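As structure tokens, the structure follows; a few thoughts come after it.
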Amino acid sequence: DAKTTQPPSMDCAEGRAANLPCNHSTISGNEYVYWYRQIHSQGPQYIIHGLKNNETNEMASLIITEDRKSSTLILPHATLRDTAVYYCIAGANSKLTFGKGITLSVRP
Amino acid sequence: NAGVTQTPKFRVLKTGQSMTLLCAQDMNHEYMYWYRQDPGMGLRLIHYSVGEGTTAKGEVPDGYNVSRLKKQNFLLGLESAAPSQTSVYFCASRDPGLVYEQYFGPGTRLTVT
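Residue numbers (the numbering used here), protein chains in the order written: chain A, 1 to 108; chain B, 1001 to 1113.
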């Protein structure tokens, strides 16, 4: 699996968009980018995944650069309940490798 | 649907004691996983199963054993607990057709003294 790099933390104001970056410069052609989040003390929750094209679902949007070396998870209207650790993972199989993730703090 | 449930939620063991953690899922998923999460760290895969009667080692399997006698259950055993196994244990399951969408349980907090 490709290594991913995320800043340790960021914050945003409630109601604003949260843009969470992820670097995966060594990603190979068959590896997907996927995101999970973990709200304090709970099990991780799947958010979204993508290969080349941008993806959107009811939770978030995933923007992948054309060279696939980085991506951004966008929460369009962050709420206090979105405060969590967000994990960016790059891989080609289902054995997830979680790094430390990015802690998103949504402030009122 | 209860989803993925884990029993117990909390446990304190003394060094050398044994215990079994139970994971159950009611989504008819073929694949099941056990992870551990240490403070400030991401999750690490212990063992996994791709179907009833099968198990395989993950990243950190030493000191643990698993069994998948029934499709809906995945058991994680500690034969002789050590303080290094103090952790939060998460179970997950997934449908074979949804490779990247795992469903996680609420976790078991284990302390070994």
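The C-beta atom is built at its ideal place from N, Cα and C for all residues, glycine as well. As the structure is a prediction and not an experimental result, all values here were calculated from the model.
So residue i contacts chain B; which residues on that side make the cut at Cβ distance below 9 Å?
{"i": "residue 49 (chain A)", "result": "1099, 1100, 1101"}
{"i": "residue 95 (chain A)", "result": "1033, 1045, 1048, 1058, 1059"}
Along chain A, which residues have their Cβ under 7 Å away from the Cβ of residue i?
{"i": "residue 1042 (chain B)", "result": "87, 98, 99, 100, 101"}
Buried or exposed for residue i, going by 16 or more other Cβ atoms inside 10 Å?
{"i": "residue 80 (chain A)", "result": "exposed"}
{"i": "residue 1077 (chain B)", "result": "exposed"}
{"i": "residue 68 (chain A)", "result": "buried"}
{"i": "residue 1038 (chain B)", "result": "exposed"}
{"i": "residue 1040 (chain B)", "result": "exposed"}
{"i": "residue 24 (chain A)", "result": "buried"}
{"i": "residue 1163 (chain B)", "result": "Missing from the structure shown is residue 1163 (chain B); chain B here goes from 1001 to 1113 and no further."}
{"i": "residue 37 (chain A)", "result": "buried"}
Return the CA-CA distance between residue i and residue j, expressed in angstroms with no decimal places.
{"i": "residue 1021 (chain B)", "j": "residue 1071 (chain B)", "result": "16 Å"}
{"i": "residue 1053 (chain B)", "j": "residue 1069 (chain B)", "result": "5 Å"}
{"i": "residue 78 (chain A)", "j": "residue 10 (chain A)", "result": "13 Å"}
{"i": "residue 48 (chain A)", "j": "residue 1003 (chain B)", "result": "19 Å"}
{"i": "residue 71 (chain A)", "j": "residue 1015 (chain B)", "result": "44 Å"}
{"i": "residue 1061 (chain B)", "j": "residue 1030 (chain B)", "result": "20 Å"}
{"i": "residue 1007 (chain B)", "j": "residue 1055 (chain B)", "result": "20 Å"}
{"i": "residue 88 (chain A)", "j": "residue 101 (chain A)", "result": "7 Å"}
{"i": "residue 18 (chain A)", "j": "residue 1080 (chain B)", "result": "45 Å"}
{"i": "residue 1113 (chain B)", "j": "residue 1011 (chain B)", "result": "11 Å"}
{"i": "residue 33 (chain A)", "j": "residue 55 (chain A)", "result": "11 Å"}
{"i": "residue 106 (chain A)", "j": "residue 61 (chain A)", "result": "18 Å"}
{"i": "residue 1088 (chain B)", "j": "residue 1107 (chain B)", "result": "6 Å"}
{"i": "residue 1046 (chain B)", "j": "residue 1066 (chain B)", "result": "9 Å"}
{"i": "residue 66 (chain A)", "j": "residue 52 (chain A)", "result": "7 Å"}
{"i": "residue 1035 (chain B)", "j": "residue 1049 (chain B)", "result": "12 Å"}
{"i": "residue 1024 (chain B)", "j": "residue 63 (chain A)", "result": "35 Å"}
{"i": "residue 1033 (chain B)", "j": "residue 1111 (chain B)", "result": "21 Å"}
{"i": "residue 93 (chain A)", "j": "residue 86 (chain A)", "result": "19 Å"}
Which first and last residues belong to the beta strand (DSSP E) in which residue i is found?
{"i": "residue 42 (chain A)", "result": "Residue 42 (chain A) -> no beta strand (DSSP E), and no H or E assigned at all."}
{"i": "residue 74 (chain A)", "result": "70-75"}
{"i": "residue 91 (chain A)", "result": "84-91"}
{"i": "residue 1100 (chain B)", "result": "Premise fails: residue 1100 (chain B) is in no beta strand (DSSP E) and is neither H nor E."}
{"i": "residue 104 (chain A)", "result": "102-107"}
{"i": "residue 13 (chain A)", "result": "9-13"}
{"i": "residue 1011 (chain B)", "result": "1010-1013"}
{"i": "residue 21 (chain A)", "result": "18-23"}
{"i": "residue 1092 (chain B)", "result": "1087-1094"}
{"i": "residue 1053 (chain B)", "result": "No beta strand (DSSP E) contains residue 1053 (chain B), which DSSP labels as neither H nor E."}
{"i": "residue 1077 (chain B)", "result": "1073-1078"}
Using the beta-carbon of each residue, which ones in chain B are nearer than 7 Å to residue i?
{"i": "residue 43 (chain A)", "result": "1090, 1104, 1105, 1106, 1107"}
Since residue i meets chain A, which of its residues come closer than 9 Å, beta carbon to beta carbon?
{"i": "residue 1051 (chain B)", "result": "Within 9 Å Cβ-Cβ: nothing; residue 1051 (chain B) doesn't reach chain A, min ~13 Å."}
Is the beta carbon of residue i less than 8 Å from the beta carbon of residue j?
{"i": "residue 43 (chain A)", "j": "residue 1104 (chain B)", "result": "yes"}
{"i": "residue 1094 (chain B)", "j": "residue 1009 (chain B)", "result": "no"}
{"i": "residue 1058 (chain B)", "j": "residue 95 (chain A)", "result": "yes"}
{"i": "residue 1092 (chain B)", "j": "residue 1063 (chain B)", "result": "no"}
{"i": "residue 21 (chain A)", "j": "residue 6 (chain A)", "result": "yes"}
{"i": "residue 31 (chain A)", "j": "residue 91 (chain A)", "result": "yes"}
{"i": "residue 1090 (chain B)", "j": "residue 1043 (chain B)", "result": "yes"}
{"i": "residue 84 (chain A)", "j": "residue 39 (chain A)", "result": "yes"}
{"i": "residue 73 (chain A)", "j": "residue 35 (chain A)", "result": "yes"}
At a Cβ threshold of 8 Å, is residue i touching chain C?
{"i": "residue 25 (chain A)", "result": "Looking at the structure shown, chain C is missing, and the protein chains on hand are A and B."}
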